[in-house]
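Reviewing the structure listed below.
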Amino acid sequence: MFTSKEQLIKRTGKSSVGRYDFLKLLTTEFKTTKSKEAKEQVLANLANFAYDPINYGYIRQLQIIDLFLHALSENNLKLVRFAVGGICNVCADPINKLYILRNQGICLLTPLLSSQDEDIILSVITSLIFLITPDYKSEVTTELIGKISDLSNHENNHVLNTMKVGNEISVFKTVTKDDILNFAKLTGDYNPIHLVTSNNLVHGALLNGLVSGVLGTKMPGPGTIVVGQTFTFPAPCYAGDIIEIKVQIVSIRKIMKCEYICIANGKKIVLKGNAKLIKKLIQLSFIEKMNPAFLLSILYFLSASADQIKIKVLNDTLKIVTTEFPVGCACGIFLSGQFKKDGKESPKGEPAIFHDLPGAFSCTPTGNKLCTNKCLDTIIKHLPNSPKILCNSIKYDCHKERAYLFIKNCNSGWINTNLSAGREYCCKDGTPYKCPVY
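Heads up: the sequence shown at position 293 corresponds to 293 in UniProt numbering, and the numbers run straight through without jumps.
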């Protein structure tokens, strides 16, 4: 796995069947065999090959993703499990992701959240994490949110105790002036330094309350009781600061110990402490009994669609809202026919190629430039194969069109960098051909 074409050729030898030919044989067998067991075995092999990015080009050429999508509707549980596993393996790739989205992938995956098979549910949730981006929030339907909510209340007797020393979690929240005011109303602490100064100082108890929320709901999680705590406030925290609440387990005995810090804007520690905890046995839900990766997947997914979920306020007294984190850097390749070169309107349709970059840059011209440079670093690697990649990504024919780089940084709007590959592209039926001179 994760090899190169040169290594594949060397390992395969001259007389052996190459990777493309082998995948083609598997694809043909899946389409022609009448044997149930053979179909299951072949699809399992295809899903396994989908794990290695070196196969993505072959998988697209042989339309294996279509096989996975079609098999999601099968009545055979094993075929569905292997198909959704294949989707999960390929969807992290930007080209594959766009193809799945354009072929109703989210719509086909949603019903599978009602499956009784835990492996299927895990693969669906993981796939949704990669597929749902700000551009496709419209795909997050009421039905989809409802099924996620149903999962959180579903009972299951499969208990996994996977808490280990060194386990760590980070949660990000932005504290607003309204949060400070609501906390003052709840506690009666109307100290002017929190409310009437130019820089509203965040209550120390509010910060500690955020830590408590992580301890009680995420790590160690439901049933956690704090029996002792020591902490300090090394630096002030102000309204508008983005707080990272980081908790780490340092000891697991009858009394569990953890350390935690709150970091403002990624720079200064505003709260540092440790706590002694006991874990009370309670009836856990289906999601809480799954492994931590599954739970974090659920939390990540819900945070991506939080704007469609109403927040209930306990006793109408306190409402602390997690503000949406800025959109990170994203790269999009649009063809010249999708936008007016001198216009300010956003390009029409979806990008021919889309790529999300990890991390985020500042919401300034300098941040935009850094985002552009990162996109260029990624795109330059694929320039030699750009005609094949681009033509294979679009669903229509194009004639003598140029490809332009657009970026997103901090917000959901596309920004035209006016950078082009300097060549014209001609595509027909997903295949590039040499553009005529005239």
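For each residue, glycine too, the CB sits at the ideal point set by N, CA and C. Quick caveat, the model's predicted, so the values are computed rather than measured.
Alpha carbon of residue i to alpha carbon of residue j, nearest angstrom
| i | j | result |
| --- | --- | --- |
| Lys-246 | Pro-432 | 50 angstroms |
| Arg-102 | Phe-334 | 16 angstroms |
| Asp-342 | Tyr-136 | 27 angstroms |
| Cys-375 | Ile-120 | 34 angstroms |
| Leu-26 | Ala-403 | 35 angstroms |
| Lys-218 | Val-42 | 39 angstroms |
| Pro-192 | Leu-405 | 50 angstroms |
| Arg-253 | Ala-205 | 28 angstroms |
| Pro-351 | Ile-106 | 18 angstroms |
| Glu-244 | Glu-37 | 50 angstroms |
| Arg-60 | Asn-45 | 16 angstroms |
| Tyr-238 | Val-214 | 20 angstroms |
| Arg-19 | Asn-55 | 8 angstroms |
| Ile-379 | Asn-418 | 15 angstroms |
| Gly-221 | Val-165 | 15 angstroms |
| Ile-394 | Ile-148 | 32 angstroms |
| Asp-178 | Val-226 | 27 angstroms |
| Asn-411 | Cys-363 | 8 angstroms |
| residue 470 | Val-437 | In the structure displayed, the chain extends from 1 to 438; residue 470 sits before or after that span and is not available. |
| Leu-128 | Ile-278 | 34 angstroms |
| Leu-357 | Asp-21 | 33 angstroms |
| Gly-367 | Ala-264 | 20 angstroms |
| Lys-173 | Lys-388 | 43 angstroms |
| Val-211 | Leu-23 | 50 angstroms |
| Leu-69 | Tyr-99 | 11 angstroms |
| Asp-66 | Lys-31 | 12 angstroms |
| Ser-138 | Gln-104 | 12 angstroms |
| Thr-33 | Gln-63 | 18 angstroms |
Secondary structure of residue i, DSSP reduced to three states
| i | result |
| --- | --- |
| Val-42 | helix |
| Ile-120 | helix |
| Phe-325 | Only weak support exists for where Phe-325 lies, its pLDDT of 41 falling under 50; the value from the coordinates is given anyway. Coil, per DSSP. |
| Val-437 | coil |
| Gly-332 | strand |
| Asn-418 | strand |
| Asn-76 | coil |
| Ile-298 | With a pLDDT of only 45 at Ile-298, under the threshold of 50, the placement of this residue in the model should not be trusted; the figure read from the coordinates follows. In the structure shown, Ile-298 sits in a helix (DSSP, three-state: H, G or I). |
| Lys-340 | coil |
| Lys-348 | coil |
| Lys-369 | helix |
| Lys-97 | helix |
| residue 447 | No answer is possible for residue 447: it lies beyond the span of the chain, which begins at 1 and ends at 438. |
| Asn-409 | strand |
| Ser-35 | coil |
| Ile-394 | coil |
| Ile-132 | coil |
| Cys-91 | coil |
| Thr-364 | coil |
| Lys-164 | coil |
| Ser-114 | helix |
CB contact below 9 angstroms: residue i versus chain B
| i | result |
| --- | --- |
| Cys-427 | As a matter of chain content, chain B is missing from the structure shown, which is built from one protein chain. |
Close Cβ partners of residue i (< 7 angstroms) along its chain, the five nearest in sequence each way excluded
| i | result |
| --- | --- |
| His-194 | Ile-180, Ala-184, Asn-200, Leu-201 and His-203 |
| Leu-77 | Asp-117 |
| Glu-74 | Val-80 |
| Asp-189 | His-203 |
| Val-124 | Val-84, Leu-109, Leu-112 and Leu-113 |
| Lys-400 | Glu-424, Cys-426 and Cys-435 |
Cross-strand partners of residue i (DSSP beta bridge)
| i | result |
| --- | --- |
| Arg-402 | Glu-424 |
| Tyr-260 | Val-247 and Gly-273 |
| Phe-354 | Gly-332 |
| Lys-268 | Ala-264 |
| Thr-431 | Lys-428 |
| Ser-170 | Lys-246 |
| Lys-279 | Thr-224 |
Contact set for residue i: own chain, Cβ-Cβ below 8 angstroms, skip 5 residues either direction
| i | result |
| --- | --- |
| Leu-72 | Val-80, Ala-83, Val-84, Ile-87, Leu-108, Leu-109 and Leu-112 |
| Gln-338 | Pro-347, Lys-348 and Gly-349 |
| Asn-274 | Gln-229, Thr-230, Phe-231, Val-250, Lys-257, Cys-258, Glu-259 and Tyr-260 |
| Lys-97 | Cys-91, Phe-130, Leu-131 and Phe-354 |
| Ala-421 | Leu-383, Ser-386, Arg-402 and Ala-403 |
| Thr-187 | His-203 and Ala-205 |
| Thr-345 | Reading the sequence as shown, one finds Glu at residue 345 and not Thr. Result list for Glu-345: Phe-339, in chain order. |
| Lys-276 | Val-226, Val-227, Gly-228, Gln-229, Ile-255, Met-256 and Lys-257 |
| Asp-397 | Cys-427, Lys-428 and Asp-429 |
Chain-order list of residues whose beta-carbon lies under 6 angstroms from that of residue i (same chain, five-residue window excluded)
| i | result |
| --- | --- |
| Asn-89 | Ala-50 and Tyr-51 |
| Gly-216 | Thr-224 |
| Ala-235 | Lys-268 and Val-270 |
| Cys-371 | Cys-329, Phe-361, Ile-407 and Asn-409 |
| Ser-430 | In the sequence under discussion, the amino acid at residue 430 is Gly, which differs from the Ser named in the question. Closer than 6 angstroms at Cβ, skipping near neighbours: Cys-391 and Asn-392. |
| Ile-169 | Lys-218, Met-219 and Val-247 |
| Pro-94 | Phe-354 and His-355 |
Q: Would you list, in sequence order, the uninterrupted beta strand (DSSP E) runs of no fewer than 3 residues that lie entirely inside the UniProt domain "MaoC-like" (173–255)?
A: 224–232 and 242–251
Q | Ranges of the alpha helix (DSSP H) found wholly within the region 45–73, counting only runs of at least 4 | A | 56–61 and 64–71
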